[in-house]
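Structure first, then comments.
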Amino acid sequence: PLARALVAGGIRMLEVTLRTPQALECIEIIAKEVPEAVAGAGTIRSAADAQASALAGAKFGVSPGYTRAVGKAGHDLGLPLLPGVATGSEIMSAQEAGYTQLKFFPALQAGGLPMLKAWQGPFGDVVFCPTGGIHAGNAAEFLALSNVACVGGSWIVPTDAIRDGDWARIEQLARAASQLAR
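Taking our numbering as reference, the numbering of the sequence shown is continuous, increasing by one, and the terminal residue is 314.
Put into C-alpha cells, the structure is as follows:
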C-alpha cells in the first residue's frame, strides 16, 4: 500500500532501506505487485547487500558511503549504484570507479547547501542527490542548485501515517514533493 500511495502521488523511484529483516521481501513484493514503481535498495554497505538486493529485484542501489568493494559489486551486478559521499576525497574515489552521480549524505550535517555550492567548482562534472535533513521546507533550495539532480527524504512517509495506514496523506505528500520545481 505504501508503494502504491507513493506512485499515485507521482513518486516512482522508491528506495527501500536495508534496515529491517523484511526489506528484501518488500523490494521483491514491490517489484512484482507495483510494476510502475522502480524499487531500489538503500543502505547497501557490502557486496553481499548489493547481491541480495539485485536478487530481490532491486533496480538500483544506494549506499550511505563509498567503498571500492561496493562500487565493484554495483558494476559487476549491473546494478546502478548511487554511492554516498560526504567529502572531496570520497567524491574522487567514487569518480575513479566511474561514478559521477552521487548521494550527498548526511547532507545537512555534512555542510548542506554551502558544501554543494563549494563543490560546483572542483566537481562540476558530478551531480548529487542530497539526503539527510532534507524536508519540505528546504528541498526546493537544494533542487535549485545546478549540481543537484534530485533529493531524498523521509518527510514524504511519516511514521505515524504508515502506522495508521493513512495512504491518502502519503499520496498527498508525494504529490506535493513531485511538484517541487527544479
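Glycine is no exception: its CB is placed at the ideal position from the N, C-alpha and C atoms.
CA nearest to the CA of residue i, picked from the options
i, options, result
"Ala325", "Ala313, Leu312, Ala300 and Arg314", "The structure shown does not extend to residue 325, since the chain spans only 133 to 314, so no value can be given for it."
"Leu211", "Pro196, Ile143 and Ala182", "Ala182"
"Ala242", "Gly256, Glu222, Gly253 and Ile143", "Glu222"
"Val327", "Arg295, Thr199, Thr291 and Arg144", "Nothing about residue 327 can be read from this structure; the chain reaches only from 133 to 314."
Exposure label - residue i; buried when at least 16 CB within 10 Å
i, result
"Gly297", "exposed"
"Pro196", "buried"
"Ser185", "buried"
"Ala218", "buried"
"Leu138", "buried"
"Glu147", "buried"
"Glu303", "buried"
"Ala163", "buried"
"Ala313", "exposed"
"Pro262", "buried"
"Leu213", "buried"
"Pro215", "buried"
"Gly244", "buried"
Contact belief for residue i with residue j at Cβ below 8 angstroms, rounded distance in angstroms
i, j, result
"Leu234", "Val258", "6 angstroms"
"Asn279", "Leu248", "6 angstroms"
If contact is defined by three or more beta carbon pairs under 8 angstroms, each pair taking one atom from either stretch, is the segment 266 to 282 in contact with the segment 172 to 181?
no
Tell me whether the segment 191 to 209 and the segment 218 to 233 touch, counting them as touching only if at least three CB pairs, one residue from each stretch, are closer than 8 angstroms.
yes
What residue ranges within the segment 199 to 261 form continuous alpha helix (DSSP H) runs of no fewer than 4 residues, ordered along the chain?
200 to 209, 220 to 228 and 244 to 251
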